[in-house]
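Student:
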Amino acid sequence: MSHTSNLIACHDCDLLQRDITPPPGGTVVCPRCGAIHYRYHPYNRERALALAVAAAILFLIANLFPIVGIESQGNRNSTTLLGAVHTLWHDGMPLVAGLVLVTTVLAPAFELALVIGLLVTPRPAPLPLRLVLMMQPWRMVEVFMLGLLVSVVKLSHLASIEPGAALWAFAALLPLFALLTATFNPRDLWTSMATQ
Amino acid sequence: MTYRSAASLGLYTCHTCALVARPPDSGSHALCPRCGAPLHARKPDSLGRTWALMIAAYILLIPANVLPIMETGSMFGSQRDTILSGVIYLWESGSWPLALLVLFASIVVPVAKLLALNYLVWTVQRGHPHRARERTRLYRLLKFVGRWSMLDIYVVTLLAALVQLQGLASIQAAPGAIAFGAVVVLTMFASMTFDSRMIWDATKENHD
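Line by line, the protein sequences are chains Y and B.
Every letter in the first sequence is one number past the one before it in the working numbering, and letter 76, counting from 1, is 76.
Plus 196 on top of the position in the second sequence (first one is 1) and you've got the working numbering.
#1: Work out the CA separation of Arg331 (chain B) and Gly273 (chain B) for me, nearest whole Å.
#2: Quick check on the burial criterion: 16 or more other C-beta atoms within 10 angstroms. Buried or exposed for Ser392 (chain B)?
#3: Give the single residue among Y:Gly69, Y:His90, Y:Phe177 and Y:Thr79 whose Cα lies nearest to the Cα of Val115 (chain Y).
#4: Quick test of the definition: if touching needs 3 or more C-beta pairs under 8 Å, does the region 251-268 of chain B touch the region 351-361 of chain B?
#5: Would you mind sorting Asp277 (chain B) into buried or exposed? The rule is 16 or more other CB atoms within 10 Å of its CB.
#6: Report yes if the C-beta distance between Met435 (chain B) and Ala375 (chain B) is below 8 Å; otherwise report no.
#7: For Phe110 (chain Y) versus Met145 (chain Y), is the C-beta distance shorter than 8 Å?
#8: Measure the CB-CB distance between Leu235 (chain B) and Ala217 (chain B) and report whether it falls below 8 Å.
#9: Could you tell me whether the region 200-209 of chain B touches the region 77-90 of chain Y, where touching means 3 or more Cβ pairs closer than 8 Å?
#10: With DSSP as the reference, label Gly74 (chain Y) as helix, strand or coil.
#11: Please return the same chain residues whose Cβ sits closer than 7 Å to the Cβ of Lys309 (chain B), not counting the five positions on each side in sequence.
#12: Measure the C-alpha to C-alpha separation of Val143 (chain Y) and Ser151 (chain Y) and round it to an integer number of angstroms.
#13: From which residue to which residue does the alpha helix (DSSP H) around Leu321 (chain B) run?
#14: With which residues is Ser201 (chain B) paired in a DSSP beta bridge?
#15: Pick from Y:Leu88, Y:Asn44 and Y:Ala166: whose alpha carbon is nearest that of Ile57 (chain Y)?
#16: Per DSSP, which one or two residues make a beta bridge with Ser270 (chain B)?
#17: Helix, strand or coil for Ser291 (chain B) per DSSP?
#18: So, with DSSP's three-state summary, where would you put His37 (chain Y)?
#19: What does Gly164 (chain Y) reach in chain B if we use C-beta pairs closer than 8 Å?
#20: Can you list, in chain order, the residues of its chain whose CB lies under 8 Å from that of Val197 (chain Y), leaving out five sequence neighbours each side?
#21: Considering just the uninterrupted stretch of the beta strand (DSSP E) at Ala217 (chain B), what are its terminal residues?
#22: Please check if any C-beta of chain Y sits within less than 8 Å of the C-beta of Asp404 (chain B).
#23: Does the distance from the C-beta atom of Leu311 (chain B) to that of Leu334 (chain B) stay below 8 Å?
#24: At the 8 Å Cβ level, is Gln196 (chain Y) part of the contact set with chain B, yes or no?
#25: Gln73 (chain Y) touches chain B at which residues, Cβ-Cβ below 7 Å?
#26: Enumerate in chain order the residues of its own chain whose CB-to-CB distance from Asn314 (chain B) is below 8 Å, with the five nearest sequence positions on each side excluded.
#27: Please report the straight-line C-alpha distance between His324 (chain B) and Pro219 (chain B), rounded to a whole angstrom.
#28: Nearest-angstrom Cα distance between Ala398 (chain B) and Ser291 (chain B)?
#29: What first and last residue would you give for the beta strand (DSSP E) that runs through Ile161 (chain Y)?
#30: Along the chain, which unbroken stretches of the alpha helix (DSSP H) at least 4 residues long are found entirely within the region 112-181 of chain Y?
#31: In terms of alpha-carbon separation, which member of Y:Gln73, Y:Thr191, Y:Thr104 and Y:Leu60 lies closest to Val351 (chain B)?
#32: Just how far apart, CA to CA, sit Ser108 (chain Y) and Leu173 (chain Y)?
#33: Beta-carbon within less than 7 Å of Val298 (chain B)'s beta-carbon, same chain only, minus the 5 sequence neighbours each way: which residues are those?
#34: Measuring straight from C-alpha to C-alpha, what distance separates Val100 (chain Y) and Pro175 (chain Y)?
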């Protein structure tokens, strides 16, 4: 099987075009449909690694500590993310619990581990990168953060709220994941992989 | 300037790593020589799969909106909340920005996303050649926006875990949440199985 290495096709419209490297800070956009192909920065790899390590530390805090606690007339209760999944599971909602577990714990954890692994190995393999791209749409930490905000507002009418350490970790993860998605560049890794 | 798609020149583009490769002469099960993902000109059976997922999502939209997603038990009896009654509760308690947010994420986005995807599938099936750029942009938008519908699932999860106050109040997730979660997952899969490159196959640009 042969391939044409200096040509790429747009993932959104299949337009055949020359694979060009833009000046630092530049972006390659499909001339026909406007899809963003590539954002180039000379330190993309180092930046992505720094962001992924920072996100991994915050992600640990976000999962190990209580997110939020409530207090009402002497009654106290607080929960971690895994605790919430556990409650849902035992309330006869295993499907919904599984969905929450995958989108807020498993997908981001695997993504961070694989991204860090890909960025530190000198000759990365294609399979982990394929898994990262497959998992990315299912990582919904930023949506969870918004859900957390709505929950706190709803609860504030019922009880007094005590924010936990994980709440601040989630808030900080929001921009970190957004920056990581913009910085982590599959194209650099693909081109470094030899074709058989 | 003439535009040519890779497929119109008999080349396959890898969905995963964007490598442009010549397909092998024999057999239909080609793998990308660089990343190992299955290689084909267009996603296999894209329209059929997208239709199937969309129809399932349309059907589940009904229980997702009619059945309660959450049940609150308290000293004053029990109360069942649907997605819409949750929005109304937020609105009446004065948090109208959040009421609008939940209304948008839980009701407007899933329905609009399904209708938009349906429109795209329809125009591709009829070989509609116009406004390809706008339709591609619509596809990118609906792929981006779909995940935000998960919002209400997270709200129910957190409320059910926290509100377990002995004798005062307790909250449990209710069956509507299953249907609603299924709608979000099905519409995400539906937008993934749709191949936006088919929008451009009907335009004249590829065949001059």
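Cβ atoms here follow ideal geometry from the backbone N, Cα and C, with glycine treated the same way.
Tutor: Short version:
#1: 50 Å
#2: buried
#3: Y:Phe177
#4: yes
#5: buried
#6: Outside the modelled stretch of chain B, which goes from 197 to 404, sits residue 435 (chain B), for which no answer is possible.
#7: no
#8: yes
#9: no
#10: coil
#11: Leu338, Val341, Gly342 and Thr383
#12: 12 Å
#13: Leu is not the amino acid found at residue 321 (chain B); the sequence shown has Gln there. Taken as a continuous stretch (DSSP letters only), the alpha helix (DSSP H) holding Gln321 (chain B) covers Val305 to Gln321.
#14: Y:Leu15
#15: Y:Ala166
#16: B:Gly273 and B:Ala365
#17: coil
#18: strand
#19: Residues of chain B passing the Cβ test: none, with the nearest at roughly 11 Å.
#20: Any question about residue 197 (chain Y) goes unanswered here, given that chain Y covers just 1 to 196.
#21: Leu215 to Ala217
#22: No answer about Asp404 (chain B) holds up, because its pLDDT of 43 lies below 50 and its placement is not dependable.
#23: no
#24: For Gln196 (chain Y), the predicted structure reports a pLDDT of 46, less than 50, and the residue's modelled location is therefore unreliable. A value from the coordinates is still provided. It does: the Cβ of Gln196 (chain Y) has a partner Cβ on chain B nearer than 8 Å.
#25: Leu364
#26: Met250
#27: 28 Å
#28: 47 Å
#29: Ser160 to Pro163
#30: 126-135 and 141-155
#31: Y:Thr104
#32: A small fix is needed here, since residue 108 (chain Y) is Pro in this sequence, not Ser. Taking the straight line joining both Cα atoms gives about 11 Å.
#33: Gly282, Val283, Leu286, Leu347 and Asp348
#34: 21 Å
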